[in-house]
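Step one of this worksheet: look at the structure below.
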Amino acid sequence: MSIRPIIAIAVAALVTAGIYFGANRVPPPPKGQEGPMSGRGPMQQQMQAASLDLDSFENAVKRGFPQHALASFQKVERQLQSTHDSSQMQPLFQEMGDIYKEHKNLPLAAYYYYLSAKLANSEKSLTFAAQLLLDLARKEHEEGLQHWEAANAIAGFEKLLQLNPGNDSARISLAECYFGTGEAMKGVVLLKEITNKDPENKAANLLLGQQGLVSGQFDKAKQRFETVLKNDPENLEAMLGLAEALKGTGEKEKAIALLQDCKKLIKNPEFAKDIDEYIKTFK
Numbered sequence: 366m367s368i369r370p371i372i373a374i375a376v377a378a379l380v381t382a383g384i385y386f387g388a389n390r391v392p393p394p395p396k397g398q399e400g401p402m403s404g405r406g407p408m409q410q411q412m413q414a415a416s417l418d419l420d421s422f423e424n425a426v427k428r429g430f431p432q433h434a435l436a437s438f439q440k441v442e443r444q445l446q447s448t449h450d451s452s453q454m455q456p457l458f459q460e461m462g463d464i465y466k467e468h469k470n471l472p473l474a475a476y477y478y479y480l481s482a483k484l485a486n487s488e489k490s491l492t493f494a495a496q497l498l499l500d501l502a503r504k505e506h507e508e509g510l511q512h513w514e515a516a517n518a519i520a521g522f523e524k525l526l527q528l529n530p531g532n533d534s535a536r537i538s539l540a541e542c543y544f545g546t547g548e549a550m551k552g553v554v555l556l557k558e559i560t561n562k563d564p565e566n567k568a569a570n571l572l573l574g575q576q577g578l579v580s581g582q583f584d585k586a587k588q589r590f591e592t593v594l595k596n597d598p599e600n601l602e603a604m605l606g607l608a609e610a611l612k613g614t615g616e617k618e619k620a621i622a623l624l625q626d627c628k629k630l631i632k633n634p635e636f637a638k639d640i641d642e643y644i645k646t647f648k
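Converting from the sequence shown to this note's numbering requires adding 365 to each position, the first position being numbered 1.
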């Protein structure tokens, strides 16, 4: 599984040193369908292949903590064990999260913030916890931990949408989670709920365009990126994505011209060098 920022899914990762292109491709879905068929099984199957034992993970983390931190954990754990009242458990989960955050373990901090937010039924707190879990999953290198972060992010965003079905930001983030965990068509459905009522929604069109690239649906990807660029002509993600889509449809000269425009926009020597190297692969 790979959960990454949107531009990375688009085969172009914008980083401080420049831009790097990949070429991950999967067979396109049947004609008439939009969205990637990633070749991965459902998230539940992936979790079985790379699961995380929460107790073992927590115990391993705690072994590196100082004695005063362990004492704080033990105090809160005793309080949790002595109550089944959710109103009393909610601030205790928050306190657990704060302890983990203080000692630089954000995955466990985010998890306990999510448990606290779920009990509080707080849209604001759920947004914070779910987004933190997604951000961590995007950057995570250890597969089992990444799956666990993603699964909890999904649960958080699903809960958010139960509380507020009109929360399109949560819908877009949940779609990204689904793309990252291989449940791509779920993500497409969520994004189309947005574009059906708001055809020019930038974030939704960018994600759909990126997924079109991943699945080899270059014509549909072109349409998505062109929609973004109509209202935001210097959107770098859309420019790079459209260039890749044009390459995929055989319109290489147009793709090269667009990449040259990207160089003018960024004006960074390393970026320009990487673009030039990528253009060489068009020959």
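Each residue gets a CB set at the ideal place from its N, CA and C atoms; glycine is no exception.
Going by the CB atoms, is the gap between Thr-492 and Ala-520 shorter than 8 Å? no
Put Gly-406 into one of helix, strand or coil per three-state DSSP. Reliability of the predicted coordinates at Gly-406 is poor, the pLDDT of 36 falling under 50, and the value obtained from them is presented with this limitation in mind. Looking at Gly-406 - three-state DSSP - the assignment turns out to be coil, as it is neither helix nor strand.
Suppose you measure from the CA of Leu-546 to the CA of Gly-509; what does that come to, to the nearest Å? Checking the displayed sequence, the identity of residue 546 turns out to be Thr instead of Leu. Answer to the nearest angstrom: the Cα atoms are 12 Å apart.
At 4 residues or longer, and completely inside the stretch 524-568: list those alpha helix (DSSP H) runs for me, N to C. 533-545, 549-562
Measure the alpha-carbon distance for Ala-485 versus Ala-494 and round it to whole angstroms. 12 Å
CB Leu-607 to CB Lys-587, shorter than 8 Å? yes
My output table needs one value for Leu-623: the three-state DSSP class, helix, strand or coil. helix
Quick check on Cys-542: buried or exposed, where buried means 16 or more other Cβ atoms within 10 Å of its Cβ? buried
Which of helix, strand or coil does DSSP assign to Lys-468? At residue 468 the sequence reads His, which differs from the Lys that was named. DSSP places His-468 in coil when its eight states are reduced to three.
Round the Cβ separation of Leu-571 and Ala-603 to the nearest angstrom and send it over; I've been treating them as touching at under 8 Å. 6 Å
Cβ neighbour criterion (16 or more within 10 Å) applied to Leu-435: exposed
Straight-line Cα distance separating Glu-565 from Asn-470: 39 Å
For Gln-582, does the three-state DSSP call read helix, strand or coil? coil
Relative to the C-alpha of Asn-529, which candidate in Val-441, Ser-487, Phe-544 has its C-alpha closest? Ser-487
Are the beta-carbon atoms belonging to Tyr-477 and Met-454 less than 8 Å from one another? no
Supposed close pair Glu-514, Leu-539 - CB separation, criterion 8 Å: In fact, because the Cβ distance is near 14 Å, the residues do not count as touching under 8 Å.
Quick one: is Gly-429 buried, meaning 16 or more other Cβ sit within 10 Å of its Cβ, or exposed? exposed
Please report the straight-line C-alpha distance between Ser-490 and His-433, rounded to a whole angstrom. 28 Å
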